[in-house]
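Here the structure is laid out as structure tokens; the discussion comes afterwards.
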Amino acid sequence: MDLLEYREYYINQIKATAIEEERYAHEVFIDLVSEIMVSDWSLLSSIDQCHFSVPTGTRAFKSMLIHAGSLELSTNTINLLYADFNSDEIASITNTDISTHSAQMINFVENALKGYFSNGEQSNPAVQLGLDIKKNAEDIYKVNLFIVSTNQLSKRVKNIDLDDVQFQGKTYKVELDVIDMEKIYNAQLANTKKEDIIIKVTDFGTEGIPCIRADIGSGRYEAYLAVVPGEFLSNIYKKFGPRLLERNVRSFLQLRGGVNKGIRATILNESENFFSYNNGISTTAKSVTIEDIPCKGHCITSFTDFQIINGGQTTASLASASIKDNAPLDRILVQMKLTVTLDEGEEGDEFIRNTSQYANSQNKVTAADLVSNHQFYLRIEEFSRKLYAPPSKGLPYQTIWFFERSRGQYEQPKMKMTKGERATYERINPSNQRFDKKDLARYINSAEMLPYHVSWGGEINSVRFQTEMEKQWKADPSVFNESYFRDLIAKAILFSTIRKTILKQDWYKERNGYLIQNVTYAFAKLIYEVQKFGLFMNYRYIWDKQELPEFLIEEIMQIAYITREVFFRPNIGNVETYCKKSECWEQVKQLSYELSVLTKAFLVSKDDIHDEKSAAKKNQKFIDGISIEVDVFNFGADYWDALCEIANSQGVINGSDFQTLKLAAEYCAGKRGLPQFQFKRIMEVREKIRKAQIPV
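Numbering (the working numbering), first residue to last: 1 to 696.
Below you can see the structure in the form of structure tokens.
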């Protein structure tokens with residue numbers, strides 16, 4: 001599929017989604033490209049649609065136009081987006097287009113700083129953004145502008161330089177990204193992530209970073225110890241922000257809460273002691289350039305794909321002190337451990353993930369903090385490929401609910417298909433039945449009556465879901481069986497139906513915004529009212545029919561309406577912030593509501609679902625036992641003998657573990673049989689050895 005073919009396909013997908021959801025294609029386009037910007041390229045942490053237009057300016061305030069925006073206080077950054085959705089023939093994005101759209105977004109910032117939004121309706125997300133910009137003006141350092149388009153950037157556009165914003169003696173640095181159809185196409189074609197960060201240290205105020213080699217030549221990685229100027233770390237963080245923290249399994253937890261007060265105090269009051277007080281940072285890179293510099297020795301002069309995997313708060317605190325406190329950083333030095341992976345592809349990624357995990361072990365990082373190949377997600381992926389959903393809406397064939405465990409799994413195969421093959425693929429795997437880990441967490445946590453978790457957004461909500469999932473998995477993995485998957489899909493249908501139906505309501509159109517918050521709170525309130533009667537939602541009916549009964553949809557819209565009113569009560573402040581608090585959920589729970597007779601009759605009792613759940617758990621335990629036995633056998637006798645010897649020689653296993661591994665070797669050699677529990681024990685010993693950092 002070439003660029004123009006993909007563009008036609010991409011636009012048709014957007015139009016189809018818009019028709020199905022009764023939305024503007026322009027809005028669907030913003031959602032899709034925002035997801036790429038956040039999840040694939042890490043250009044920003046989040047961005048929300050907040051269309052705001054003032055076509056004609058005045059003496060006091062200029063004309064302005066934005067389609068989406070966000071304020072990230074963790075990086076002292078404003079993000080604004082202009083979207084150009086052109087469904088006709090592809091056109092060129094010119095310098096004139098860029099200048100016009102950029103000026104409109106910059107005007108939004110300047111008008112906000114001047115107080116344009118002071119008397120605006122706070123329930124409008126764009127007004128709320130403007131008020132937040134004004135309120136946090138002293139903390140903001142940078143303005144990121146994004147122009148996204150289904151057109152193609154003209155070859156004549158070489159450099160895009162914009163003047164910084166000046167207001168009341170303060171400078172706000174302005175940066176611009178143009179994301180055209182070619183960039184979107186290339187992202188899908190190669191399933192690429194963002195372009196590698198390449199840092200030339202001379203661009204950030206230092207000639208070179210002195211270092212010493214610190215590895216033993218394993219062939220998998222090179223290691224270096226270095227002392228880095230605090231000013232260098234501050235400058236690269238100002239430039240690249242959260243992109244430097246993609247591999248940091250704790251970054252989203254560390255930085256959401258702001259700058260570390262202890263680190264800040266040391267920077268401001270005892271900068272000469274910073275090196276002694278601070279633990280330093282751990283970093284990774286794909287490659288580095290080492291040069292000999294007179295009077296300095298071996299120095300790092302450039303990094304490719306530089307990542308801070310431990311020490312995100314240290315780095316952010318240095319940048320914040322420089323911006324907010326105008327603190328001099330010339331006396332601050334930071335110790336740095338650098339790992340350069342020599343593996344490529346998946347092996348290299350896995351090595352960096354493990355490095356990140358172990359680097360953070362002193363902070364009690366759990367597996368729930370990691371975006372990794374947890375068995376739970378592998379199991380959901382397996383179910384999603386083999387469990388066909390019943391035909392829906394009169395269709396004569398069954399379909400798949402496609403779980404996208406990693407980005408690109410759904411789209412990538414289509415890039416090499418003919419038009420006919422794509423049509424067949426999409427018929428069996430409809431795009432509106434694709435969901436990922438963030439979606440899964442939204443569905444489950446809404447059903448678990450945790451709407452204030454869902455309101456935090458995809459990344460943090462996913463971590464909170466994974467924390468609970470990990471506990472359940474350790475207690476009893478058989479809970480996550482085929483019945484669980486069917487219920488999950490029923491929850492997905494419920495969630496998406498609430499979302500689509502809210503969008504059609506007049507009361508939403510009159511005062512739109514805060515859609516996800518409205519959806520998750522309505523979902524949670526429904527379940528709360530259901531459980532008052534000691535009953536349960538009839539998820540099996542929803543799975544069988546692949547839709548909700550009409551009376552239930554009407555019920556939920558009544559609930560959605562009354563819950564939404566809570567968001568706009570006087571004196572709650574920022575709506576998004578309020579929805580993240582359990583206090584908001586307490587207010588919603590207290591709303592008086594009586595379920596209809598039809599809905600009560602639709603619900604099921606614990607006895608109704610007991611037999612199905614029990615049988616599903618029993619079946620899953622049997623499958624798990626067989627799967628582990630096959631895994632043990634496939635490793636082979638030689639593998640278990642070798643693992644036993646190396647683990648024993650390094651003292652990481654005890655006598656019982658030693659005997660267990662010997663039993664595995666004898667079983668694989670056909671010398672004896674083993675009871676089912678023994679296979680689980682064998683794999684537990686293997687995991688123990690892996691955690692001792694012995695290659696398994």
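Every residue, glycine too, gets a C-beta built ideally from N, C-alpha and C.
Below 8 Å, can you find three or more Cβ-Cβ pairs linking the segment 63-81 to the segment 42-55? yes
Cross-strand partners of N79 (DSSP beta bridge): Taking the first residue of the sequence shown as 1, we reach residue 79 at position 79. Looking at the DSSP assignment, N79 forms a beta bridge with S70, N144.
Alpha carbon to alpha carbon, how far is F403 from K386? Give it in angstroms, no decimals. Translated into positions along the sequence shown, residue 386 becomes position 386. Translated into positions along the sequence shown, residue 403 becomes position 403. For K386 and F403, the distance between alpha carbons rounds to 11 Å.
Check for me: the alpha helix (DSSP H) holding I19 runs from which residue to which? Taking the first residue of the sequence shown as position 1, residue 19 is located at position 19. Per DSSP, I19 belongs to the alpha helix (DSSP H) from 3-21.
Separation of P242 from D305, as counted between CA atoms: Position 305 of the sequence shown holds residue 305. Position 242 of the sequence shown holds residue 242. Cα to Cα, the separation comes out at about 13 Å.
Presumed contact (8 Å Cβ cut-off) between V334 and N278, rounded CB distance: Residue 334 sits at position 334 when you count from the first residue of the sequence shown. Residue 278 sits at position 278 when you count from the first residue of the sequence shown. Between N278 and V334 the Cβ distance is about 6 Å, and since that is below 8 Å, they are a contact.
How is Q517 classed by DSSP in three states: helix, strand or coil? Counting from one through the sequence shown, the residue named residue 517 turns up at place 517. Here Q517 sits in helix by DSSP.
Where the alpha helix (DSSP H) containing T339 begins and where it ends: Start at 1 with the first residue of the sequence shown, and residue 339 comes out as number 339. That residue, T339, is in no alpha helix (DSSP H); its beta strand (DSSP E) goes 333-341.
Would you please state the rounded distance, in angstroms, between the beta carbons of S92 and N186? I believe it to be under 8 Å. Counting from 1 along the sequence shown, the entry for residue 92 is found at position 92. Counting from 1 along the sequence shown, the entry for residue 186 is found at position 186. Actually they are not in contact, since the Cβ atoms of S92 and N186 sit about 18 Å apart, beyond 8 Å.
Backbone secondary structure at Q558 - three-state DSSP: Translated into positions along the sequence shown, residue 558 becomes position 558. Three-state result, Q558: helix.
Quick one: using the 10 Å Cβ neighbour count with 16 as the cut-off for buried, is D369 buried or exposed? Counted from its first residue, the sequence shown places residue 369 at position 369. Only weak support is given to the placement of D369: the predicted model assigns it a pLDDT of 42, under 50, and the question is left unresolved by the model.
Which stretch, first to last residue, makes up the beta strand (DSSP E) that contains P229? Taking the first residue of the sequence shown as position 1, residue 229 is located at position 229. Looking at the DSSP string, the run of the beta strand (DSSP E) that includes P229 is 221-229.
Thinking C-alpha only, which one of Y172, N654, K286 is nearest E222? For the purposes of this step, residue 222 is taken as the residue at position 222 of the sequence shown. E222 has its Cα closest to that of K286, out of Y172, N654, K286.
Quick check: the Cα distance between M417 and M1, rounded to an integer number of angstroms? Counting from one through the sequence shown, the residue named residue 417 turns up at place 417. Counting from one through the sequence shown, the residue named residue 1 turns up at place 1. Taking the straight line from one Cα to the other gives about 8 Å.
In angstroms, rounded to a whole number, what distance separates the CA positions of E207 and L113? Taking the first residue of the sequence shown as 1, we reach residue 207 at position 207. Taking the first residue of the sequence shown as 1, we reach residue 113 at position 113. For E207 and L113, the distance between alpha carbons rounds to 38 Å.
In or out: E138 buried (at least 16 other Cβ within 10 Å) or exposed? Taking the first residue of the sequence shown as 1, we reach residue 138 at position 138. It is exposed - the Cβ of E138 has fewer than 16 other Cβ atoms within 10 Å.
Below 8 Å on the Cβ atoms is my guess for V454 versus I516; work out the distance and round it to an integer in Å. Residue mapping note: residue 454 aligns to position 454 of the sequence shown, counting from 1. Residue mapping note: residue 516 aligns to position 516 of the sequence shown, counting from 1. Between I516 and V454 the Cβ distance is about 7 Å, and since that is below 8 Å, they are a contact.
Decide if N538 is buried, meaning its Cβ has at least 16 other Cβ atoms within 10 Å, or exposed. Numbered from 1 along the sequence shown, position 538 holds the residue referred to as residue 538. Result: buried.
Go ahead and pull the three-state DSSP assignment for S302. Position 302 of the sequence shown, counting from 1, holds the residue named residue 302. In this structure, S302 counts as strand in the three-state DSSP scheme.
Looking only at its own chain, which residues have a Cβ that is under 7 Å from the Cβ of D544, when we skip the five neighbours before and after it? As a first step, residue 544 must be located in the sequence shown, where it is residue number 544. Cβ neighbours of D544 beyond the five flanking positions: P390.
Could you compute how far the alpha carbon of D163 sits from the alpha carbon of V174? If you number the sequence shown from 1, residue 163 lands on position 163. If you number the sequence shown from 1, residue 174 lands on position 174. Each residue's Cα considered, the two are about 7 Å apart.
Of the choices Y541, P477, Y528, whose alpha-carbon is the least far from that of I728? The structure shown does not extend to residue 728, since the chain spans only 1 to 696, so no value can be given for it.
According to DSSP, which residues form a beta bridge with P210? For this step, residue 210 is matched to residue 210 along the sequence shown. Answer is C299.
Over the uninterrupted alpha helix (DSSP H) stretch that includes A697, give me the two end residues. The structure shown does not extend to residue 697, since the chain is modelled only from 1 through 696, so no value can be given for it.
Check whether the Cβ atoms of I628 and F679 lie closer than 7 Å to each other. In the sequence shown, residue 628 corresponds to position 628, counting from 1. In the sequence shown, residue 679 corresponds to position 679, counting from 1. Yes, the pair counts as a contact, with Cβ atoms nearer than the cut-off.
So I300 and I290 are supposed to be a Cβ contact under 8 Å. How far apart are they, rounded? For the purposes of this step, residue 300 is taken as residue 300 along the sequence shown, with counting starting at 1. For the purposes of this step, residue 290 is taken as residue 290 along the sequence shown, with counting starting at 1. At roughly 6 Å, the Cβ-Cβ gap stays under 8 Å, so I300 and I290 are in contact.
With DSSP as the reference, label I47 as helix, strand or coil. In the sequence shown, the residue the question calls residue 47 occupies position 47. Coil.
Specify, as a first and last residue, the run of the alpha helix (DSSP H) that F402 falls within. Start at 1 with the first residue of the sequence shown, and residue 402 comes out as number 402. It is not in any alpha helix (DSSP H) - F402 instead sits in the beta strand (DSSP E) that spans 402-404.
Please confirm whether Y141 and I323 have their CB atoms less than 7 Å apart. Here the question's residue 141 lines up with position 141 in the sequence shown. Here the question's residue 323 lines up with position 323 in the sequence shown. Their beta carbons are under 7 Å apart, which means Y141 touches I323 by this criterion.
Using a Cβ distance threshold of 8 Å, determine whether the segment 504-511 contacts the segment 472-489, with at least three qualifying pairs required. no
DSSP three-state assignment for Y639, whether helix, strand or coil: The residue labelled residue 639 in the question sits at position 639 within the sequence shown. Helix at Y639.
Quick check on the DSSP output: what are the complete alpha helix (DSSP H) runs of length 4 or more inside the segment 539-621, in order along the chain? 539-545, 550-567, 575-579, 582-589, 597-602
Which class does M449 belong to by DSSP, given the choice of helix, strand or coil? One-based indexing of the sequence shown puts residue 449 at position 449. In the structure shown, M449 sits in coil (DSSP, three-state: anything other than H, G, I, E or B).
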